[in-house]
Structures are given as structure tokens and as C-alpha cells.
Amino acid sequence: MKNEIGKKICPDCKSANISLLLDGSFGKYQCNNCEYKGVLIIEEKSDSNEHEEKMKKDLETLKKEMKEKKY
Ligand SMILES: [Zn+2]
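Residues 7 to 77 (my numbering) are what the sequence shown spells out, left to right.
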């Protein structure tokens with residue numbers, strides 16, 4: 007199962023095949039591609055950004071439509 011909240015990328019091999027290790031009280035990450043283990047990870051929030059961009063676009067379209075209809 008994939009967790010899609012924020013895309014995590016291995017700092018070593020740039021693979022997105024990352025799983026979270028719960029090692030004691032620390033949240034560590036493990037790369038399934040190169041077996042990197044550590045707390046350092048690259049996190050991309052492309053999904054939420056995409057969502058935001060889409061919301062903005064929808065809003066702009068709505069504004070345009072409102073202008074054209076001359077509300
Ligand atoms: Zn890796």
C-alpha cells in the first residue's frame with residue numbers, strides 16, 4: 007500500500023520507493039531501491055501543489071465566466 011501524502015524521495019538514489027521505519031522514538035526512512043536508511047529524506051509536496059493550482063485555475067475560470075456574463 008502506498009501512502010500518497012507528500013512524495014518522499016531518497017536523497018541517495020532519488021527513488022520514491024521509500025518506507026517509514028519506526029525505530030524507537032525516531033521516525034526513520036528506508037529506501038527500498040538502494041537500502042538507504044536515515045532520518046534525512048527529500049519530501050515533495052507536488053500533490054498538494056497540483057491540487058492548489060487546480061483550485062486556482064477553477065477559481066479563475068469561474069471569475070472569467072462571471073465577467074463574461076456580467077454579473
Ligand atoms: Zn535510495
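We put the CB at the ideal spot given by N, CA and C, even for glycine.
Endpoints, the beta strand (DSSP E) within which residue i is located
{"i": "C20", "result": "First, the residue type needs correcting, since residue 20 is Lys and not Cys in the sequence shown. Here K20 belongs to no beta strand (DSSP E), and DSSP marks it neither H nor E."}
Coarse secondary structure for residue i, derived from DSSP in three states
{"i": "E41", "result": "coil"}
{"i": "L46", "result": "coil"}
{"i": "K14", "result": "strand"}
{"i": "L27", "result": "strand"}
{"i": "K51", "result": "coil"}
{"i": "K34", "result": "strand"}
Distance between residue j and residue i (C-alpha atoms, nearest Å)
{"i": "N9", "j": "V45", "result": "Residue placement at N9 cannot be trusted, given a pLDDT of 47 that sits under 50; what the coordinates show is reported in the next sentence. Straight-line Cα distance between these residues: approximately 17 Å."}
{"i": "K60", "j": "T67", "result": "10 Å"}
{"i": "D64", "j": "E71", "result": "10 Å"}
- Mind listing, in chain order, the residues whose beta carbon lies closer than 5 Å to a non-hydrogen atom of ligand 1? C16, D18, C19, S21, C37, N39, C40, Y42
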